[in-house]
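Report on the following structure.
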Amino acid sequence: MRHLISLDDLDAADIAGLLSTADHMVEVLGRPQPKVPALRTKTVCSLFFEDSTRTRLSFETAAKRLSAETLTFTASSSSVNKGESLRDTVDTLAAMGVDVFVVRHKTAGLPLSITRWCDARVVNAGDGAHQHPTQGLLDAFTLSRSLGRGNDLSGIRVAMVGDIRHSRVARSTVRALHVLGASVTLVAPASLLPAAFVGAPTVPAGWPVEVSHNLDDLIGDIDVLYLLRMQRERMDNAFISSPGEYSAHFGLTEARLARMKKGSVLMHPGPMNHGIEVAVDLDTLADRGVTNLITRQVTNGIAVRMSVLFTLFGAGSEAIDGQ
Amino acid sequence: MESNNEAACVLPADQVRRAIKRIAHEILENVAGGGREPFVVMGLARGGVWIAEALRDELRNIDGDARVECGSLDVSMYRDDLALRPTLPASVSHVPCSLDGVEVVLVDDVLYTGRTVRAALDALIEYGRPKAVRLAVLVDRGHRELPIRPDFVGKNLPTSALDQVSATPEGVFVSAGSRA
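Next comes the structure, spelled out in structure tokens:
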């Protein structure tokens, strides 16, 4: 693996390998000194043109735990404000000896472009509504490990609820869960499904999912309730009539929580809109027999990103012949 | 890295068992005050793990009071040749107890350049400060690139640097390598 741009570029064995390597990273993170020297000669630069808390800090923590040097570029305090072009910015940073760019940008496809501009490795940390591959991996990892299932989620039923249209998380997580054998149903109003779904008689190619517009049809049968964030910053049109109405139809309410199966789990990629996607007190989930995996998703994010960074350089990436 | 050449068996299964038995006796004579003090046999993932487990069973067989624990160590994140060789996810490290003050016997299947053992020493000290660290290998094939020597050896095996050596419970095999 030279770059990680999209989970569609990886086959089932690649994904299983990344998750198994993440098991090793969990062991490293559990030590008194949670650090290994694997990437001590490498420099990882996070190149974020969109706001982020958890993803950027998670990648930077992962890089530090592998002993890499870390650089942080934030667009708001950079020469981008002086009119420097993206290409020049990347060239400048690459000339400083960056080995890996971790890129987030509002334009789908930008991380792929960067792979053509320089010799550095590129990890996509979210590009537009395209992909967020490490989120997909960490979701698959968190779910399979918390269920004690290894790299196999066959028979597990997932409802992914909310703003699929603007969601790069949905594209990556659906792919990862599907590859491990889970069956995913997208639940959203038609206005929040990707354009290809609208008016289509069947589910569009590339989406291994079923579609429903009614969460109450499924809520009692699913093993996993995966709530997506309402991306209000991307909504320049009236996609929903009001947050309150969205919550009534697609949020986790007390009535829906009461119908969820014992042993089912709740996931959310964060950051959460309290009162919209989640209209219950999360501290009460355990009493209802529902496990809240949201914090574990964040924790596992570090291990999974360590696995990705390590695999970029560790998996015989410059292999010579011989043993 | 399978070779098309016929693999020659240089140590059949019964002799592998005898070699492990002999190493166990030598360990009991030389390590941890004759096994009176606690010590750990630590297999290097993946090839050394089955040998470490066999050694533990044999040690307990010989002396029911031997205070031996068995662990495994994944050294892939400590290698100096990370990008040069495929690192497959081996078994996750398992350290059975604190290593502070206890004697540790590192166990590997084939000792070659010594770089795996160098990485293992770095990995090991993350878990504590052992009283002493010894090295047991089933096969020493030579070609050392570092000042590392084994304390316990099952078989010394002169090889060419191109040969492939594999050590399994079913026997030790050598296939003559060639640059394809």
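The listed protein sequences derive, respectively, from chains D and E.
Everything in the first sequence is counted per the working numbering, starting at 1 for the first residue and increasing by one.
Everything in the second sequence is counted per the working numbering, starting at 1001 for the first residue and increasing by one.
Glycine included, every Cβ here is placed at the ideal spot set by N, Cα and C.
Proximity winner among the options, relative to residue i (alpha-carbon distances)
| i | options | result |
| --- | --- | --- |
| residue 258 of chain D | D:220, D:229, D:226, D:249 | D:220 |
| residue 356 of chain D | D:38, D:104, D:86 | Nothing about residue 356 of chain D can be reported from this structure: the residues present for chain D run from 1 to 323 only. |
| residue 160 of chain D | D:281, D:130, D:115, D:193 | D:193 |
| residue 284 of chain D | D:201, D:305, D:253 | D:253 |
| residue 106 of chain D | D:88, D:70, D:167 | D:167 |
| residue 24 of chain D | E:1078, E:1041, E:1036 | E:1078 |
| residue 1114 of chain E | E:1144, E:1156, E:1095, E:1167 | E:1144 |
| residue 1133 of chain E | E:1125, E:1140, E:1173 | E:1125 |
| residue 1030 of chain E | E:1135, E:1042, E:1148, E:1061 | E:1135 |
| residue 302 of chain D | D:135, D:45, D:121, D:98 | D:135 |
| residue 295 of chain D | D:171, D:269, D:250 | D:269 |
| residue 1073 of chain E | E:1049, E:1082, E:1054 | E:1049 |
| residue 1137 of chain E | E:1129, E:1026, E:1008, E:1014 | E:1026 |
| residue 1108 of chain E | E:1167, E:1068, E:1130, E:1161 | E:1167 |
| residue 1033 of chain E | E:1176, E:1121, E:1103 | E:1103 |
| residue 1130 of chain E | E:1040, E:1024, E:1014 | E:1040 |
| residue 214 of chain D | D:12, D:248, D:181, D:228 | D:248 |
| residue 276 of chain D | D:287, D:306, D:232 | D:232 |
| residue 1069 of chain E | E:1092, E:1075, E:1059 | E:1059 |
| residue 264 of chain D | D:35, D:287, D:279, D:291 | D:291 |
| residue 1121 of chain E | E:1160, E:1053, E:1156, E:1147 | E:1147 |
| residue 40 of chain D | D:62, D:52, D:171, D:29 | D:62 |
| residue 1062 of chain E | E:1036, E:1092, E:1011, E:1127 | E:1036 |
| residue 1172 of chain E | E:1097, E:1141, E:1045 | E:1141 |
| residue 49 of chain D | D:139, D:198, D:124, D:38 | D:124 |
Opposing strand residues paired with residue i [DSSP bridges]
| i | result |
| --- | --- |
| residue 48 of chain D | D:74, D:104 |
| residue 1012 of chain E | E:1171 |
| residue 1039 of chain E | E:1068, E:1103 |
| residue 121 of chain D | D:100 |
| residue 159 of chain D | D:185, D:225 |
| residue 1136 of chain E | E:1107, E:1152 |
| residue 60 of chain D | Note: residue 60 of chain D sits in no beta bridge, so no partner. |
| residue 1073 of chain E | E:1044 |
| residue 252 of chain D | D:278 |
| residue 131 of chain D | D:127 |
| residue 1164 of chain E | E:1175 |
| residue 1094 of chain E | E:1072 |
| residue 43 of chain D | D:69 |
| residue 4 of chain D | D:123 |
| residue 1007 of chain E | E:1175 |
Buried or exposed (CB count within 10 angstroms, at least 16 for buried), residue i
| i | result |
| --- | --- |
| residue 271 of chain D | exposed |
| residue 33 of chain D | exposed |
| residue 60 of chain D | buried |
| residue 175 of chain D | buried |
| residue 1150 of chain E | buried |
| residue 1099 of chain E | buried |
| residue 96 of chain D | exposed |
| residue 17 of chain D | buried |
| residue 289 of chain D | exposed |
| residue 245 of chain D | exposed |
| residue 1056 of chain E | buried |
| residue 210 of chain D | exposed |
| residue 133 of chain D | buried |
| residue 46 of chain D | buried |
| residue 102 of chain D | buried |
| residue 130 of chain D | buried |
| residue 1017 of chain E | exposed |
| residue 87 of chain D | exposed |
| residue 274 of chain D | exposed |
| residue 1162 of chain E | exposed |
Report the start-end ranges of each alpha helix (DSSP H) in the segment 257-293 of chain D that is 4 residues or longer and not cut off at the edges.
none
What are the start and end residues of each continuous alpha helix (DSSP H) run of 4 or more residues lying completely inside the segment 161-242 of chain D, in chain order?
168-179, 215-218
Short of 9 Å Cβ to Cβ, which residues in the segment 1045-1072 of chain E face chain D?
none
When you check each C-beta in the segment 124-154 of chain D against every C-beta of chain E, which residues fall closer than 9 Å?
none
Against chain E, which members of the segment 217-245 of chain D pass a CB distance test of less than 7 Å?
none
With 8 Å as the C-beta to C-beta threshold (strictly closer), list the residues of the segment 53-68 of chain D near chain C in chain order.
Judged by its chain identifiers, the structure shown contains no chain C, and its protein chains are D and E.
Note down, in chain order, all residues in the segment 1092-1109 of chain E with a beta-carbon under 8 Å from any beta-carbon belonging to chain D.
1092, 1093
Below 8 Å between beta carbons is the criterion; list the residues of the segment 292-308 of chain D that meet it against any residue of chain E, in chain order.
none
Output, in sequence order along the chain, the residues in the segment 14-25 of chain D whose CB is closer than 8 Å to any CB in chain E.
17, 20, 21, 23, 24
Taking any Cβ of chain D, which residues in the segment 1132-1162 of chain E have a Cβ under 9 Å from it, in chain order?
1161, 1162
For the segment 200-213 of chain D, which residues have a beta carbon sitting closer than 8 Å to at least one beta carbon of chain E?
none
Residues from the segment 252-285 of chain D in contact with chain E, defined by Cβ distance under 8 Å:
none
Any C-beta of chain D within less than 8 Å: which residues of the segment 1014-1048 of chain E qualify?
none
Short-range partners of chain E found in the segment 29-52 of chain D, where Cβ spacing is below 7 Å:
31, 33, 36, 37, 38
Using a Cβ cut-off of 7 Å, which residues of the segment 88-102 of chain D contact any Cβ in chain E, in chain order?
none
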